[in-house]
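First comes the structure, then the notes that go with it.
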Amino acid sequence: MKLSKESVLGLIALATFLLLAVIAPGFLSSNNINSMMFQLPEFGLIALAMMVVIVTGGIDLSITYIAALSGVGAALMLTNGYGILPAIIVAILFALACGAFNGFVVSKIGVSPILVTLGTMVLFEGIILAITKGSSISGFSEGYSLIGNGYYLGLVPLSIVIFAVFAIITAILLSKTSWGRSVYMYGSNETATLFSGVKNSRVLMKVYLYASLLAAISAIIMTSRYNSVKVDLGSSYLLQSVAAAVLGGTNIHGGYGKVIGTVYAVMIFQFIRNGLNLLGFHSSLVDVVIGAILILVLAMNFFSDKFKKIAETKNAGKAA
Amino acid sequence: MKALLKQKEISILAIILLIGAVLSFVSPVFLTIGNFLDIIEGNVVIGILAIGMTLIIITSDIDVSVAALTTAVAVSIGYLFTFLPDSWISVLLLFLIAPVIGLVMGLINGLLVSIIEIPAIVVTLGTLNIIAGLVLYITNGNYVNSTNFPQSFMAFANYELLGLPILIYLLAVVAIGTWFILKHTLIGRSVLAIGGNTQSSVRVGIDYKKVKLFVFAYMGFLAGIAAIAQTAYTKAVDPNGMLGLELTVIAAVVLGGANIHGGRGSIHGTLLGVLLLAIMQNGMILARIDTYWQNVVTGAIIVIAVSYDHLSYKRSQDKLAKIEVEA
Amino acid sequence: MSEYILQMKDVSKTFPGVKALDNVQLEVKKGEVHALIGENGAGKSTLIKILAGIHKPDPGAKFYFEGEEAKINKPIDATLKGVSIIYQDLSLFPNLSVAENIYIGQDSNKKPWKKINWKSIKKTADKALEELEVDIDPNTTVERLSIAQQQLVEIARALAFEAKLIVMDEPTSALSSSEVEKLYKVVDKLSSRGISIIFISHKLKELFRVSDRFTVLRDGKYVGSYQAEEIDEAKLINLMVGREVSYEKNEKQVETGEVIFQVKDFYKQGNFKDISFSLKKGEVLGITGLVGSGRTELAQAIFGVNKPDSGSLKIYGKEIRIRSSADAVKKGVAYIPEARQTQGLVLEQSIINNISLPILNRMRNKLKLLDRKSEVQLAEQYIKSLDVRPALPNLPASKLSGGNQQKVVIGKWLSAQPKILIIDEPTNGIDIGAKTEIHKLLRRLANDGIGVIMISSELPEILAVSDRVLVMRHGRISGELGIQEATQEKIMNYALNSGSKKNPSEALDDTSRISQGV
Amino acid sequence: MKKLTMILFAALLLVGILAGCVAENSGSSDSGGDAEAGGESEGESVQAGGEDGLDIAVVPKLVGIPYFNASESGAIEAGEDLEVNVNYTGPTQADASAQVKVIEDLISKNVDVIAVAPNDPASVEPVLKKAKEQGIHVMDWDTPADKELVDLSVKQVDDEEFGRHMAKKLVEAMGTEEGEIAILTGGLSAANLNLWIEAAQKEFDENYPGIEIVSEKIPTEEKQQVAYQKTLDLLKSYPDLKGVLAVSTPAPLGAAQAVQEEGLQDEVSVVGSALPTDSAPFLEDGSLDTAVLWDPGKLGYLTVALGKMLAEGEMPEDGQEIEGVGEITVKEDGKTVIMGPPADFTKENAADFDF
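Chains as they are written, first to last, in UniProt numbering: chain A, 1 to 320; chain B, 1 to 327; chain C, 1 to 518; chain D, 1 to 355.
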């Protein structure tokens with residue numbers, strides 16, 4: 001039986017989990033499992049957002065600043081005495097505005113995404129700085145802090161439930177809707193989709209809007225969890241989210257990528273980060289390990305593809 | 001095509017002149033030679049790295065590990081200072097060792113991209129993590145300041161020739177050297193060729209894997225030189241000092257007209273891109289713009305520049321009439 | 001010394017899943033023009049790529065150059081042996097100058113740090129261009145040239161290489177008649193100098209004009225080599241396909257009805273002008289003309305991807321506006337582009353996903369989610385009715401042959417139930433069996449009431465399928481012919497010289513440009 | 001294929017949840033008593049100090065910068081002297097969320113004391129609450145966290161005093177109470193830097209009305225090179241500039257470097273917070289007039305010492321003498337500890353320090 005890329009990755013995740021359970025003291029404690037579940041969603045959502053963009057063959061370098069700006073939106077509402085719901089709505093609106101801007105320049109003007117988002121990354125960062133003067137906005141209500149710190153039914157962290165829901169929604173949107181299909185088709189061959197009557201620009205616009213929506217959800221969880229927001233909220237997730245999407249099997253040139261793969265990759269990152277911390281590794285070594293895994297897994301893919309091709313050629317030779 | 005390249009560079013030159021005009025109106029210091037020397041000297045490192053990045057982007061790849069590479073070499077230089085005797089020979093030796101260290105790291109990137117065929121952005125993302133992590137782990141972030149530097153190196157760093165700092169000459173040598181390679185050597189033409197059409201290059205017998213290996217190795221080589229420049233400029237080795245610089249470098253290159261899809265890009269265009277970013281940085285303080293608004297302006301200019309460039313490219317493509325329609 | 005410049009013996013090549021070449025032989029004499037022919041998929045390109053050093057043959061193959069055995073592992077090995085190959089899709093660098101494009105590759109075996117000698121590059125380029133007697137500025141970049149000019153640059157490159165053996169893969173497909181004539185002269189000149197040429201073409205007439213000998217491949221196997229004198233066109237066709245063929249005439253089977261589609265005063269600067277025509281129910285309208293006469297641009301303008309400057313459309317008498325391809329689909333206009341692999345299909349994706357692509361919105365269930373079952377049903381329906389083989393709906397489109405790929409593209413558009421179907425070069429690169437099938441299919445669609453507009457360069461195809469023929473020339477409609485009055489000569493006359501009289505035999509020569517095909 | 005994926009995923013989740021449940025039972029049964037008793041810690045620690053002593057976790061804003069490296073060595077030294085396990089760990093970037101994760105992992109490790117120098121006081125609030133619920137003693141050091149939450153707050157100096165002190169030093173160095181000055185800061189969002197700058201501004205406003213601050217505080221990304229370039233630009237655009245106040249440790253060095261190269265040692269005064277060894281070359285020729293700071297090693301030492309007291313149920317008293325540190329001040333609230341007054345490093349005394 002041949003395993004799909006994603007299943008292999010799932011096995012790697014499982015192996016990492018088991019290995020760390022054995023060697024890292026306290027890895028399996030309820031406390032630790034819980035804190036991993038609290039830590040994973042914010043990064044997971046950003047990684048999913050990045051994956052959706054990468055499936056179209058693009059990249060969104062501004063995604064973490066969209067999240068931060070959206071967090072600023074929520075924080076402004078909360079500190080000005082508005083309720084949780086208006087705050088969430090404003091957070092989402094802020095993010096969608098950013099996404100719409102990216103989407104407009106990418107889909108209507110046609111500039112390549114890496115250039116656009118390189119610019120908007122600086123732009124959004126600037127807007128946050130202009131609003132916050134660089135300082136953090138903090139002190140939100142108890143209720144709001146439950147989003148990132150509370151438990152669902154007193155059992156599972158609410159944030160991981162939110163993440164699971166959005167992961168499933170993303171999976172359904174990508175595999176079960178006409179938009180999702182168009183995203184994959186566009187990522188493989190945008191000329192062919194244009195000649196098939198697909199509204200490329202609308203598909204792309206929705207991609208950037210959806211990515212920014214996920215960023216907003218992540219921002220809401222982060223602001224709630226950290227009870228504050230400032231310009232660098234989540235900025236360390238930027239390149240990591242690209243790494244997670246790619247490790248999860250997403251083709252950096254577009255056309256392929258699955259939610260489940262990205263979720264496995266995010267889990268692997270989480271296990272390693274947490275496990276190595278528990279083992280008392282210097283934090284900078286965590287980056288080294290993650291970088292090494294990224295390259296190793298892709299090198300593995302390369303060699304397994306190569307062997308597969310050799311095997312196929314041999315078979316064909318025999319058949320003839 | 002020639003006209004097009006020119007047009008690309010003219011548009012960025014126009015933006016530079018426009019900003020320059022506004023700045024010289026706002027601030028009398030802007031148009032002084034001293035200010036310009038400061039701007040250039042302060043951007044020698046970015047300039048050198050951007051030149052290397054230009055070659056990589058021409059082959060339609062990207063390298064996000066440059067800042068980490070440069071830092072790693074700079075840290076090695078700081079370490080070497082404890083060994084090398086205080087003599088001008090040491091400085092020369094440094095120019096031998098540092099680029100080689102960079103070259104080796106660049107080769108690793110190149111091998112992974114060309115032989116193992118992992119997309120460049122992924123490879124360099126991986127090596128960025130690995131190198132930056134190791135540097136931080138080994139140095140624990142401690143920086144070495146000028147008291148530990150050999151006097152000969154300080155003399156080199158402060159040397160001025162005909163009133164120009166030595167680093168400006170270094171940038172000039174790198175720029176002219178790379179321009180020469182790109183314009184007048186076989187490997188340089190091959191870089192442009194594989195960027196223009198990889199399939200064609202295979203057919204005419206260009207070994208594109210070797211060329212890819214070359215551009216990444218050359219990037220590493222230049223990172224080595226940039227590390228010397230960085231050390232000479234800051235007169236300190238700071239393992240955290242170049243964090244995030246890679247995106248500035250890439251922004252400079254694409255502002256300078258290099259096409260992220262490959263095939264286009266020039267050294268003088270890239271230098272203009274570096275200059276534009278540098279003037280914006282410099283000008284913000286000179287123009288007394290509120291520090292909080294600096295990024296808004298910079299970001300907006302990048303977005304406008306890349307959009308404008310793309311639109312004018314599209315327009316010029318449309319103008320190439322396909323068919324002579326009879327009157 | 002051997003009389004052969006090149007001998008390739010016992011060449012086999014296995015790709016994952018297929019045996020592309022099976023013990024093929026090719027022998028080319030010095031100074032001869034050697035035609036390599038066979039249907040698409042017969043293995044011509046693979047053989048050439050092996051000669052070029054791009055593919056490695058299976059073990060056992062032997063190559064001899066001028067009688068001496070040699071190995072070709074890399075492209076440069078072939079170049080050093082004096083082999084120069086001009087591919088159909090060209091091997092140019094759009095971002096480099098003409099001169100450099102001509103020169104490039106000559107130094108490939110030199111040290112990478114070798115300094116480029118721009119003077120000798122200019123000189124080489126000037127000389128080669130002069131020899132070709134073409135007027136191209138060696139300093140312009142190639143992307144500013146027309147396709148025809150680019151082809152000439154490619155030929156100039158081969159000249160500059162002073163190759164002993166030049167392979168030309170469909171070299172005339174984009175050249176005008178006068179350019180083709182020039183090319184023949186160059187070919188004659190080269191062979192008189194002792195340079196050998198392998199000429200690959202579908203156009204048998206053209207081949208008889210220039211070739212000394214023929215080698216025929218069929219299904220990856222070697223059929224034989226023949227002197228030009230001992231063989232004729234009919235025999236060659238027979239050898240290529242293993243049977244006698246000609247296009248069946250697809251007569252109109254229903255009465256033409258009302259006008260269902262009207263194009264009025266279409267104009268786009270630099271593309272076309274004064275385009276007006278109409279289409280009746282049950283009719284197949286053929287549009288032909290030279291490459292570059294504006295046919296494809298017109299079709300894409302109707303389809304909404306190449307917006308016209310002015311003009312109007314009517315479907316069933318109702319005026320419509322098409323702003324985008326999506327709009328076109330909604331309003332019942334379908335367009336099947338010529339570039340099947342890059343524009344028609346998403347190759348990596350399955351047959352199902354390709355077929356349902358234009359009508360994803362109709363594939364949704366009550367929850368607005370895609371209904372896989374109806375997608376599969378749809379795909380299976382068209383796989384069956386169009387006889388796509390292999391009939392595996394989940395197979396990626398890239399794994400299908402050209403003919404089957406075209407069927408998938410047609411299936412994709414039939415699923416959208418268009419009122420008007422525009423099909424651009426429907427049988428380009430498809431073998432003869434599949435061609436006739438597609439011709440029948442187009443007729444069947446017309447019978448079912450779909451308005452079919454077929455764009456083709458292949459006159460026999462136009463004559464076999466259309467009920468009416470529009471001829472375009474320089475962006476205008478230069479003539480309209482009913483099928484009864486249409487002949488190849490008349491069509492050519494309109495295509496070349498609008499309205500004016502021309503010696504029919506001369507016009508016939510120009511059919512090299514509009515293929516007479518096989 | 002799909003099924004397998006689903007099964008794998010389910011298994012993975014299940015393992016996680018089961019493990020969580022199992023561990024929860026065992027964890028909750030002994031965690032309470034464990035922490036109260038302050039005894040037994042889970043084995044395998046790579047930290048300094050005795051085998052079975054207390055586990056004290058010290059979390060800096062980030063690891064890998066000289067300042068926090070210096071406090072690390074002080075903390076480790078204290079661990080050896082006082083026979084406690086010191087776990088000095090933090091994020092690699094001064095990122096609030098990364099810091100929270102480090103603390104969460106420390107809670108998982110079940111340490112006895114967590115002392116944190118928060119990047120963002122508000123953002124560590126929830127996680128410190130969680131730590132307290134687990135029976136872990138919580139304190140802050142270097143930068144204050146939420147007062148309500150912490151059991152003890154260790155401060156190198158009084159922020160207000162420190163800011164005003166720097167302002168005074170600058171005026172002193174300028175030798176005039178009138179003129180233009182500029183303020184450089186490490187980052188716009190660093191809380192303690194902002195406190196110092198505010199205090200300094202207050203000092204200027206109240207006591208030196210002739211001083212004019214020419215621009216908003218200018219961020220330098222915690223990089224010497226950036227501070228250097230910005231200062232060069234400042235010197236050009238404000239030719240009458242008399243002084244630069246540079247807070248954050250790399251900023252004064254960059255500012256001084258610019259002054260040094262322009263040869264403006266006598267025209268422009270630079271005062272800022274920097275370590276004496278780093279400042280030495282600039283103090284030497286007067287490009288940096290005074291560096292104001294404290295001994296970060298001592299601060300680390302004090303943090304661990306107080307952490308141990310806290311875990312053992314003692315509270316520090318005002319004027320108490322802490323071995324290896326000196327006399328401390330405790331404020332009225334009973335839990336804010338001030339290590340001592342700021343130290344001035346000048347040309348004369350810089351060579352006497354080894355940090």
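Glycine included, every Cβ here is placed at the ideal spot set by N, Cα and C.
Comparing C-alpha positions only, which one of 161(B), 306(B) and 183(B) sits nearest to residue 117(C)? Along the third sequence, read from residue 1 onward, the residue named residue 117(C) stands at position 117. Considering only alpha carbons, the answer is 183(B).
On the DSSP bridge list, what partners appear for residue 364(C)? Along the third sequence, one-based indexing puts residue 364(C) at 364. Beta-bridge pairing by DSSP links residue 364(C) to 370(C).
By the criterion of Cβ-Cβ separation under 7 Å, what are the contact partners of residue 290(B) in chain D? On the second sequence, residue 290(B) is found 290 positions in, with the first residue counted as 1. Ordered by position in chain D, the residues that pass the 7 Å Cβ test against residue 290(B) are 216.
Exposed or buried, residue 193(C), counting other C-beta atoms within 10 Å across all chains shown (16 or more means buried)? As a working note, residue 193(C) is residue 193 in the third sequence. Exposed: under 16 other Cβ atoms inside 10 Å.
Taking C-beta to C-beta, are residue 270(B) and residue 253(B) nearer than 8 Å? For the purposes of this step, residue 270(B) is identified with residue 270 of the second sequence, where counting begins at 1. For the purposes of this step, residue 253(B) is identified with residue 253 of the second sequence, where counting begins at 1. Yes, these two residues count as a Cβ contact at 8 Å.
Taking residue 273(C) as the reference, which of 477(C), 403(C) and 385(C) has the closest Cα? Translated into positions along the third sequence, residue 273(C) becomes position 273. It is 477(C).
Between the C-alpha atoms of residue 313(C) and residue 164(C), what's the straight-line distance to the nearest angstrom? Your numbering for residue 313(C) matches position 313 in the third sequence. Your numbering for residue 164(C) matches position 164 in the third sequence. When rounded, the distance between both Cα atoms is 55 Å.
Should residue 29(B) be flagged as near chain D, meaning a C-beta pair shorter than 8 Å? Taking the second sequence and counting its residues from 1, the one referred to as residue 29(B) is at position 29. Answer yes: the Cβ-Cβ gap between residue 29(B) and chain D drops below 8 Å somewhere.
Does the separation of the CB atoms of residue 187(B) and residue 288(A) fall below 8 Å? Residue mapping note: residue 187(B) aligns to position 187 of the second sequence, counting from 1. Residue mapping note: residue 288(A) aligns to position 288 of the first sequence, counting from 1. Result no, Cβ atoms of residue 187(B) and residue 288(A) do not sit closer than 8 Å.
Start and end residues, alpha helix (DSSP H) containing residue 133(D): Taking the first residue of the fourth sequence as 1, we reach residue 133(D) at position 133. Here the alpha helix (DSSP H) through residue 133(D) covers 121-133.
Anything in chain D within Cβ reach of residue 226(A), meaning under 9 Å, just list it in chain order. One-based indexing of the first sequence puts residue 226(A) at position 226. Simply 96, 97, 100, 120, 122, 123, 124, 125, 126 and 127.
Compare the Cα-Cα distances from residue 169(D) to each of 342(D), 352(D) and 285(D) and report the closest residue. The residue you call residue 169(D) lines up with position 169 of the fourth sequence. Here the closest residue by C-alpha is 342(D).
C-alpha gap between residue 176(D) and residue 283(D), whole angstroms: As a working note, residue 176(D) is residue 176 in the fourth sequence. As a working note, residue 283(D) is residue 283 in the fourth sequence. Cα to Cα, the separation comes out at about 20 Å.
Residue 258(A) classed as buried or exposed, judged by whether at least 16 other C-beta atoms fall within 10 angstroms: Taking the first sequence and counting its residues from 1, one reaches residue 258(A) at position 258. Label assigned to residue 258(A): buried.
Beta-ladder partner(s) of residue 68(C), from DSSP: Position 68 of the third sequence, counting from 1, holds the residue named residue 68(C). For residue 68(C), which the question treats as bridged, DSSP gives the partners 65(C).
Beta-bridge pairing of residue 11(C) - partner residues as DSSP gives them: Translated into the one-based positions of the third sequence, residue 11(C) becomes position 11. Residue 11(C) pairs with 24(C).
Endpoints, the alpha helix (DSSP H) within which residue 217(B) is located: Mapped onto the second sequence, residue 217(B) falls at position 217. Per DSSP, residue 217(B) belongs to the alpha helix (DSSP H) from 208-234.
So what's residue 347(D) in DSSP terms, helix, strand or just coil? The sequence position of residue 347(D) within the fourth sequence is 347, counting from 1. Residue 347(D) falls in the coil class under three-state DSSP.
Examine chain B for any beta-carbon lying closer than 8 Å to the beta-carbon of residue 262(A), and answer yes or no. Here the question's residue 262(A) lines up with position 262 in the first sequence. So no, residue 262(A) is outside the interface.
C-alpha gap between residue 145(A) and residue 58(D), whole angstroms: Counting from 1 along the first sequence, the entry for residue 145(A) is found at position 145. Counting from 1 along the fourth sequence, the entry for residue 58(D) is found at position 58. Taking the straight line joining both Cα atoms gives about 26 Å.
Ignore the nearest five residues each way along the sequence and tell me which others in residue 48(C)'s own chain have a CB closer than 6 Å to its CB. By 1-based counting over the third sequence, the position of residue 48(C) is 48. So the list reads 167, once near-sequence residues are dropped.
Comparing the C-beta of residue 198(A) with each C-beta of chain C, is any distance below 8 Å? Here residue 198(A) refers to the residue found at position 198 of the first sequence. Judged by the 8 Å Cβ criterion, residue 198(A) is in contact with chain C.
Give a yes or no on whether the minimum CB-CB distance between residue 113(B) and chain C is below 8 Å. Counting from 1 along the second sequence, the entry for residue 113(B) is found at position 113. No, residue 113(B) does not count as interfacial toward chain C.
Residue 206(C) lies in the alpha helix (DSSP H); which residues open and close that run? By 1-based counting over the third sequence, the position of residue 206(C) is 206. Counting along the chain, the alpha helix (DSSP H) containing residue 206(C) begins and ends at 204-210.
On the DSSP bridge list, what partners appear for residue 55(D)? On the fourth sequence, residue 55(D) is found 55 positions in, with the first residue counted as 1. Residue 55(D) pairs with 85(D).
Helix, strand or coil for residue 233(D)? Go by DSSP, reduced to three states. Translated into the one-based positions of the fourth sequence, residue 233(D) becomes position 233. The answer is helix: DSSP assigns residue 233(D) an H, G or I state.
Our contact map puts residue 274(B) next to residue 43(B) with C-beta atoms below 8 Å; I'd like the distance itself, whole angstroms only. Working through the second sequence from its first residue, we reach residue 274(B) at position 274. Working through the second sequence from its first residue, we reach residue 43(B) at position 43. Indeed, because the Cβ distance is near 6 Å, the residues count as touching under 8 Å.
Give the straight-line distance between the Cα atoms of residue 328(B) and residue 75(B), rounded to the nearest whole angstrom. Only positions 1 to 327 of chain B appear in this structure, which leaves residue 328(B) out of reach.
Can you find a CB in chain C that lies within less than 8 Å of the CB of residue 34(B)? Within the second sequence, the letter at position 34 stands for residue 34(B). Not one beta carbon of chain C lies nearer than 8 Å to the beta carbon of residue 34(B).
Applying the criterion that 16 or more other CB atoms from any shown protein chain within 10 Å of the CB defines a buried residue, is residue 194(D) buried or exposed? Numbered from its first residue, the fourth sequence carries residue 194(D) at position 194. Buried is the call here.
Would you call the CB atoms of residue 307(D) and residue 113(D) closer than 8 Å? Within the fourth sequence, residue 307(D) is the residue found at index 307, counting from 1. Within the fourth sequence, residue 113(D) is the residue found at index 113, counting from 1. It is a contact, given that the beta carbons lie within the stated cut-off.
Using three-state DSSP, classify residue 322(C) as helix, strand or coil. Stepping through the third sequence from its first residue, residue 322(C) is reached at position 322. Correct three-state label for residue 322(C): coil.
Spatial neighbours of residue 71(C) within its chain, please: CB distance less than 8 Å, with the 5 preceding and 5 following residues excluded, ordered by chain position. Residue 71(C) sits at position 71 when you count from the first residue of the third sequence. So the list reads 63 and 77, once near-sequence residues are dropped.
Under the three-state reduction of DSSP, which class applies to residue 454(C): helix, strand or coil? Working through the third sequence from its first residue, we reach residue 454(C) at position 454. Strand, per DSSP.
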